[in-house]
Ligand SMILES: [Ca+2]
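Numbering (the working numbering), first residue to last: 1278 to 1578.
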């Protein structure tokens, strides 16, 4: 009996230590202000989450007395780039849970002037307005429910003066959007809404609005909605259930979707409408308010 008790308590202690270790690995970091850096800032939370192993969560709990809470939106201007390691989840809806749906047209958290750099794997960015875009070089990252390049209402180009594209290069198995309502992103008002260049296999672009406002009914043009020059490793990319419309801004030509790589599929109700000059495979770029880019080769049909 004594031996059995000892064994029982040993097992119990082991389980408790195991639970403690799990909790230590899965840390939560809370953003409590809109400061560019320092304690309670988004930069600090992202840096801390990236510096420790395990699946970490960044949550928002900013009081509405914060000086950068205006018009129902908390605006964060990070003082440094937002570099994510691996397995970090950042969901702006955590702020909505604590302070309410103060921006009924979109996310409550707006991050401007600095983009995200996802060089690690298995990160989630959700329910944020991100005016400056991101680079994804890792694998299995998800971007869901975000407005990329627009204002917080998803009704106009944010016009930050910087390009707001989503660039996927090298990474594979990333998911931009999703098929469940609320998972799709609005990706508008940029030169490239998305550029997928020399990326890995099995990336998915699902259920997004690319080149329109959040309602999908009015244009907020990207010059190129999606420019996919995937490279030899970019097999089995899926573009599904997106609205790709209104692209080709700047008073000139452009494309909704350009695909120049083999073995990829455009499937399942992809709406590609209303983009300028659809008779043209990649056409010369014209001056665009965000960026001047070298013109790709023009091959009119
Ligand atoms: Ca909202």
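Positions of the beta carbon are idealized from the N, C-alpha and C atoms, including for glycine.
These numbers come from a predicted model, not from an experiment.
Pair within 8 Å by beta-carbon distance, residue i and residue j
i, j, result
"residue 1320", "residue 1313", "yes"
"residue 1503", "residue 1427", "no"
"residue 1372", "residue 1425", "no"
"residue 1467", "residue 1430", "no"
"residue 1445", "residue 1464", "no"
"residue 1505", "residue 1535", "yes"
"residue 1395", "residue 1415", "yes"
"residue 1440", "residue 1410", "yes"
"residue 1454", "residue 1485", "yes"
"residue 1325", "residue 1306", "yes"
"residue 1386", "residue 1353", "yes"
"residue 1508", "residue 1474", "yes"
"residue 1345", "residue 1309", "no"
"residue 1477", "residue 1510", "yes"
"residue 1451", "residue 1421", "no"
"residue 1400", "residue 1374", "no"
"residue 1491", "residue 1432", "yes"
"residue 1376", "residue 1334", "no"
Residue i classed as buried or exposed, judged by whether at least 16 other C-beta atoms fall within 10 angstroms
i, result
"residue 1350", "buried"
"residue 1412", "buried"
"residue 1523", "buried"
"residue 1318", "buried"
"residue 1363", "buried"
"residue 1405", "buried"
"residue 1495", "exposed"
"residue 1577", "Here the model assigns residue 1577 a pLDDT of 33, short of 50, so the residue's position is not dependable, and the following value carries that caveat. With fewer than 16 other Cβ atoms within 10 Å, it is exposed."
"residue 1434", "buried"
"residue 1357", "exposed"
"residue 1456", "exposed"
"residue 1347", "exposed"
"residue 1459", "exposed"
"residue 1341", "exposed"
"residue 1378", "exposed"
"residue 1315", "exposed"
Strand pairing of residue i, partner residues [DSSP]
i, result
"residue 1464", "1425 and 1487"
"residue 1399", "Note: residue 1399 sits in no beta bridge, so no partner."
"residue 1532", "1501"
"residue 1420", "1402 and 1453"
"residue 1472", "1444 and 1504"
"residue 1411", "1393 and 1443"
"residue 1496", "1489"
"residue 1436", "None, per the DSSP bridge assignment."
CB contact below 8 Å: residue i versus chain B
i, result
"residue 1320", "Chain labels in this structure do not include chain B; a single protein chain is all it has."
Heavy atom of ligand 3 within 7 Å of residue i beta-carbon
i, result
"residue 1418", "Within the structure as shown, ligand 3 is missing, the only ligands being ligand 1."
Below 5 Å from a heavy atom of ligand 1 - residues by beta-carbon:
Those residues having their beta-carbon less than 5 Å away from any non-hydrogen atom of ligand 1 are, in chain order, 1378 and 1380.
Where are the beta strand (DSSP E) runs, 3 residues long or more, that stay fully inside the segment 1300-1377, in chain order?
Within the segment 1300-1377, the complete beta strand (DSSP E) runs of at least 3 residues are 1305-1308, 1333-1337, 1350-1353, 1359-1361 and 1365-1368.
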